[in-house]
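Below is one structure, written out as structure tokens; the observations come after it.
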Amino acid sequence: MDKADIKARVEKVTALVLKVDPKEISPTANFAFDLGADSMQSIELIAAFEEEFNIQMDEQKAREVQTVEAAVEFIAGYLKQP
Amino acid sequence: MLENSASPPKDLEHVFYPKSVAVLGTNRVAGTVPHDIFANILRDNFQGIVYPVSPKERSVAGVRAYKYVLDIPDPVDLAILVFPSTVCNLALEQCGQKGVRSAIIISAGFREIGGAGLQREEEIKSIAKKHNISFIGPNCLGVINTDPLSHLNASFARKMPQEGNIAFLSQSGALCTAVLDYAQAKHIGFSKFVSFGNKASISEIDLMYYLKDDPKTKVILIYLEEISDGAALMKAAQEIISESGKPILVLKSGRTREGAAAAASHTGSLAGSDEVCDAALKQAGMIRCTTIEEMFNNAIALAYQPLPQGKRVAIITNAGGPGVLATDATIKQNLELAKFSDATLEVYKKSLPATANIKNPVDVIGDARADRYKVALGGALQDPGVDGVFVILTPQSMTDIENIAEEVCNTVGKYEKPAYASFMGEMDVAAGISILQQRNIPHYVLPESMSRAYASALFFKHHRDMKPEEFTAFSGVDKTKAHEVIESALSAGRTYLPEEESTKILQAYGLPVLPSGLATAKPEAVALAENIGFPVVMKIVSDDIVHKFDVKGVILDIRTPQATGDAYDAILKNVEAAKPGAKVKGIFVQKMVTKGEEVILGVKRDRSFGVVIMFGLGGLFVEVFKDVSFRVAPVGARAACEMIKEIRAYSMLAGARGKKPRDILSVEECIQRLSILALEQPEIKELDINPLIVNDEGGGCYVADARIML
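Protein chains in written order, with our numbering: chain S, 1 to 82; chain E, 1001 to 1710.
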């Protein structure tokens, strides 16, 4: 899966979980500050990404990811793993 | 530690009286902190404009929301941040760009969690500094200002308290909510109510200075979990009390003796952090309370009634037993039962029944109604020999409780003297108590609390009226000489100064040391003893030995040259047996004083308050009873005198059981000189003079033993 695919799916999941207009989701958008994710929604986002990409993320590290582009990189790292 | 005094003045006016407030990170989910803060501001009728800032909501509670604070078209005086801690930096940065100069950061997840939280706190401090923003928090409940001009409830407390003249500052947010609930039940109102959390920008000291000039505040209450800069707190308290006359009550948690056990000196082990804190708060005129209840018991006395002018108290009761209890409690607090004037007794004789006790405590008898309370209370309040009145009521079948409560309020309001009440009981007296509380008559469940509150108010009054301490510039001080001894030890890598060197330092500051010298050979010891004059005492001098008695390194009362030589050999033999290989510098030969009272003086450097001076009676009194007093340096003549009088065994020095009084003035001078020494020689960590032998009045005192730790 290439980065463009990951980005498209990250944006789709983000829009669904945070109930925001996909147009507002830019690569630099901060989940909490720009898109309004509260602490509960941040956990929901992590779970939704895991389901979407069929991966198991380190929750502690995942919670440190703040922007859409950082999430794409973070998830790509898991998808590269054998 | 000095950051507070060096930093620019904080903008607190916009924290309490903003014309416009933005709540950054609010949402529409009732029952969450981000939502409830905004809802509370709206609900409690804030007099300015409030803007919700929410990344994804178009409106909150029907008010149009902005995505960013930068989108708000008008100026914002105060920003309240309720975002997750991870993005508070972004929110604060935008506040800076917007020109907001005051903020409250409610969010948790900073210094209190360590690690990444610590870094986050440093980052917001840096952003705030860059944009000159002052902020309360983070990790706090918020701020409440009951002044109708603002009426700001920028907190997630369940309710806004009623207006009052007590300000409450708290390091704990959770405690705030409990205090609000407690105060509401007792009709206690607040002027300002602040949870200051991690105090990363605005500290309790900044808030205290603000409250000094706040016309709505009469009494300042503070709950603290840590005192990060004790010296600054003391300075602030002293300035506030002297300039505004506002009392400061402190509830400080953590009354433990941690760290004290590891200390090397007597002073170090006795001066635990809490003992020092206790002494320092009192020294600065603050009233330390041990419970929330005690804090409010004292606060209502100070906030609602005039300060007592003296300790003569009249007690008015409708029952004998409670009158006796109140009398006991009064005496226990070092107060006095007032003696009524003949005129007052005449009024009582005429107006009260023959069975009434018209002497203090006045018993108006169980069937007393409001008219008898009016006579008894009015008579006491107008008597020039009475400084304050305690009104006690027990609910008997004839007692018209509410009428009596009304009468008490009416009568007390006519005089400039304090009156407190204790309507004893629970159910039957509830309505009467409510009347008293609503009309600002301090009410206490028990007479003991009432007398304690009176004693606290009197302490404050005395402290407020005291002239500033004066410090004597003593002659005979050679700072350089003392410093040379210290430098020499430090350059040799030594941090323990044995008696010989400690004595030189004390002598350089004019403390009365006994004639002495160091002998490195037996004939030298004999010659020294003959020169000093018998009797003498001889002590081992070795960097390897701190406790000389434990190794039999001290021989007392040596009266001949022969005995001097024998003692020299014996000490060396004893030390070799007890501590083989100890490097011996020589034997210290010192004049022996056989008469006098032994006292201990000490110095310790406290992490928060700085140099602390200790005084106590020697021997058992210090070892077993820990009967010591403390002051933070500089210690002037008045504080030195208080230190001596404060210990329980003071009468031993003052001349108990026919003994002559000791030379207390000379001890006072020693305490002051020691205070100067400790301040001028910052390398000294701990110092013990144990004992200082005090002669009879006029005979002076002598340092018989001393040790210094660098």
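Just so it is clear, CB atoms sit at the ideal spot from N, CA and C, and this is done for glycine as well.
- Within chain S, F33 have C-beta atoms less than 7 Å from the C-beta of A1091/E, given in sequence order.
- Taking 7 Å as the cut-off, the beta carbon of Y1454/E is found no closer than this to the beta carbon of V1477/E.
- Contact between S1502/E and I1708/E holds, since their C-beta atoms are separated by about 4 Å, short of 8 Å.
- Judged by their CB atoms, V1526/E and T1564/E are nearer to each other than the 7 Å cut-off.
- Segment contact: the stretch 1205 to 1216 of chain E against the stretch 1177 to 1188 of chain E, fewer than three CB-CB distances shorter than 8 Å; contact not assigned.
- Nearest CB-CB separation between K1056/E and chain S: below the 7 Å threshold.
- Counting only runs of at least 4 residues, the stretch 1198 to 1251 of chain E fully encloses the following alpha helix (DSSP H) elements, listed from N- to C-terminal order: 1204 to 1212 and 1230 to 1244.
- When 7 Å is used as the limit between beta carbons, T1086/E is near these residues of chain S: A32 and Q66, in chain order.
- Burial check for H1547/E: the Cβ neighbour count within 10 Å stays below 16, so the residue is exposed.
- Within the stretch 1459 to 1490 of chain E, contact with chain S at the beta-carbon level (separation under 7 Å) is assigned to no residue.
- The C-beta distance from I1248/E to I1240/E rounds to 6 Å, short enough to meet the 8 Å contact threshold.
- Looking at P1034/E, I1041/E, A1039/E and F1038/E, the one whose alpha-carbon comes closest to that of D38/S is P1034/E.
- By the rule that beta-carbons nearer than 7 Å mark a contact, V20/S touches chain E.
- Only residues of its own chain outside the window of five on either side were considered, and among them E1597, E1598, V1599, I1600, D1627, I1647, A1649, M1652 and L1653 have a CB closer than 8 Å to the CB of L1617/E, listed in chain order.
- In the three-state scheme derived from DSSP, where H, G and I count as helix and E and B as strand, N1027/E is classed as coil.
- Secondary-structure assignment with DSSP links N1145/E through a beta bridge to L1152/E and K1192/E.
- The Cβ-Cβ distance between Q1094/E and L1070/E falls below 7 Å.
- DSSP, read as helix, strand or coil, puts C1140/E in coil.
- The beta carbon of S39/S sits closer than 7 Å to some beta carbon of chain E.
- Residue nearest to Q1681/E within the set K1552/E, K1479/E and M1538/E is K1479/E (criterion: CA-CA distance).
- The Cβ of G77/S sits no closer than 7 Å to any Cβ of chain E.
- Non-local beta-carbon contacts of A1529/E in its own chain, meaning distances under 6 Å to residues more than five positions away in sequence, involve V1536, T1564 and V1589 in chain order.
- As for any alpha helix (DSSP H) of minimum length 4 sitting wholly inside the stretch 1626 to 1677 of chain E, the runs are 1637 to 1646 and 1650 to 1654, ordered along the chain.
- If you check the CB distance, L1180/E and V1194/E do not come in under 7 Å.
- According to the DSSP assignment, Q1590/E belongs to the beta strand (DSSP E) that extends over G1586 to K1591.
- Within chain S, no C-beta atom comes nearer than 8 Å to that of F1156/E; the closest sits roughly 15 Å away.
- Here the stretch 1411 to 1428 of chain E does not lie against the stretch 1275 to 1284 of chain E, with fewer than 3 beta-carbon pairs under 8 Å apart.
- Within the same chain, and ignoring the five residues on either side of E1668/E in sequence, the residues whose Cβ sits closer than 7 Å to its Cβ are A1637, A1640, C1641 and I1644.
- Using a CB distance below 9 Å, the part of the stretch 1052 to 1084 of chain E facing chain S consists of S1054, P1055, K1056, E1057, K1067, Y1068, F1083 and P1084, ordered along the chain.
- For K1522/E, the enclosing alpha helix (DSSP H) stretches over residues K1522 to I1532.
- Beta-carbon to beta-carbon, I1287/E and A1154/E are separated by about 29 Å, too far to satisfy the 8 Å threshold.
- Between R1043/E and S1134/E, the alpha-carbon positions lie close to 26 Å from each other.
- From the listed residues I1404/E, A1354/E, S1397/E and M1398/E, the smallest Cα separation to G1378/E is found for I1404/E.
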